[in-house]
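Residue numbering for the sequence shown follows the numbering used here, beginning at 61 and increasing consecutively.
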Amino acid sequence: MSRLTWFLIPLILFLLLTVFLYNGLFSDPSARESSLIENEFPAFSLPDLADEAITHTNDIFDGQMTFVNVWGVWCVTCAIELPYLTELSQKGYRFVGLYYDQDLDPDFGSKTINRVRAEVIETTRRFGNPFAFNIFDVYRDTSLDLGVTGAPETFLVDPAGVIRLHHLGDINERVWTGKFLPVIEAIQREYPVLSQLSTEHQLTGLKQ
61 MSRLTWFLIP LILFLLLTVF LYNGLFSDPS ARESSLIENE FPAFSLPDLA DEAITHTNDI
121 FDGQMTFVNV WGVWCVTCAI ELPYLTELSQ KGYRFVGLYY DQDLDPDFGS KTINRVRAEV
181 IETTRRFGNP FAFNIFDVYR DTSLDLGVTG APETFLVDPA GVIRLHHLGD INERVWTGKF
241 LPVIEAIQRE YPVLSQLSTE HQLTGLKQ
C-alpha cells in the first residue's frame, strides 16, 4: 500500500467523523420524525387521573381533533408551556393530558395518588389548565408504545384516531405557527366541520 493511501485513509475517516458530529451538534432533536406518524394511536384503556372510576380508551378521538400532551408536575418545561397551551384551549383546541409520575413507582419514590392529584391541581391552578381531562398512564405503557423519551411531548391526533404530528419539547408561538398550524389546516380541509366548530368557538369567546 502506497504512502499516499496510508495518508488518505485516516484523513477520510476524520472528515466523516467531523461531518457526523457537526450534524449532531446542530440538528434539532424536536424535529425527529416519529415512526407512528400516519398510524393509529396505540390502543389503550387507562383511568382518569382525577377519578379512577372513569376509563379512557381510543374512543376519545372519535370525531375530534385532539392534542395529547405528555406531561408531569416534575417537568419544569411542562409548567413553562402550560400558559400558552391554556390560551390555545380557550380558542377551541382540545388538549388531553397523558400523565405519568415516576415517584409513584415503589422502586423510585413513595408518592400516593392523592398527593399526585393535589400537585396537579396546584400546578394547573398556578400556571393554567388547558386539559379537558388527564389520562393516568399508570405504568407508562402507553408512553412506551408512543416512543416517548421525556416530557413534554405532544401528539396531534385527527378525528379518525390517526397520529398526524409528534413534537418533542414545549409548544410556543413559533412552534405552533410553523409546525402545528400547517398540519391543523390540512386536517380541517379533510374534516370541514372542524374548521366551522373552531370558528364558532372563537367567536363565542370574543363575545364573552
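We treat Cβ as the ideally placed atom computed from N, Cα and C, and that holds for glycine.
When the options are compared against residue i, the one with the closest alpha-carbon
i    : options                   : result
A220 : F240, R200, E250 and A192 : E250
R185 : T115, S203 and P143       : P143
W131 : L225, T183, A113 and P252 : T183
F187 : D201, A139 and R177       : A139
F121 : V235, R224 and E233       : R224
G152 : E141, Y160 and F191       : F191
A178 : V133, T137 and Q150       : V133
E147 : W236, R200, Y160 and F101 : W236
Cα-Cα separation, residue i to residue j
i    : j    : result
D205 : N189 : 26 Å
N32  : V156 : This structure does not reach residue 32, given that the chain is present from 61 up to 268, and the question cannot be answered.
C135 : G123 : 31 Å
I231 : R154 : 14 Å
A113 : G229 : 31 Å
S95  : I173 : 32 Å
L145 : R175 : 24 Å
I97  : V180 : 29 Å
F101 : R234 : 26 Å
K239 : P252 : 20 Å
H273 : Y160 : Missing from the structure shown is residue 273; the chain here goes from 61 to 268 and no further.
Y199 : E141 : 24 Å
D119 : S203 : 18 Å
V222 : T137 : 26 Å
Sequence-distant residues of the same chain with beta carbon closer than 7 Å to residue i, five excluded per side
i    : result
S105 : T115 and T117
S149 : F155 and P190
Residues of its chain near residue i, where Cβ-Cβ distance is below 8 Å and the 5 sequence neighbours each way are ignored
i    : result
D201 : F104
Same chain, Cβ closer than 6 Å to residue i, neighbours up to 5 away in sequence not counted
i    : result
L158 : V128, V130, I195 and D197
Count the CB pairs spanning the stretch 203-212 and the stretch 108-116 that are closer than 8 Å, and state whether there are at least three. no
Please specify which runs of the alpha helix (DSSP H), each continuous and at least 4 residues long, are wholly inside the stretch 114-156, giving them in chain order. 136-150
Three or more C-beta pairs closer than 8 Å, one from the stretch 216-232 and one from the stretch 115-133: is that the case here? yes
Between the stretch 189-202 and the stretch 239-253, are three or more C-beta pairs nearer than 8 Å? no
As an exercise, report each continuous alpha helix (DSSP H) stretch of at least 4 residues that is fully enclosed by the stretch 194-242, in chain order. 201-205
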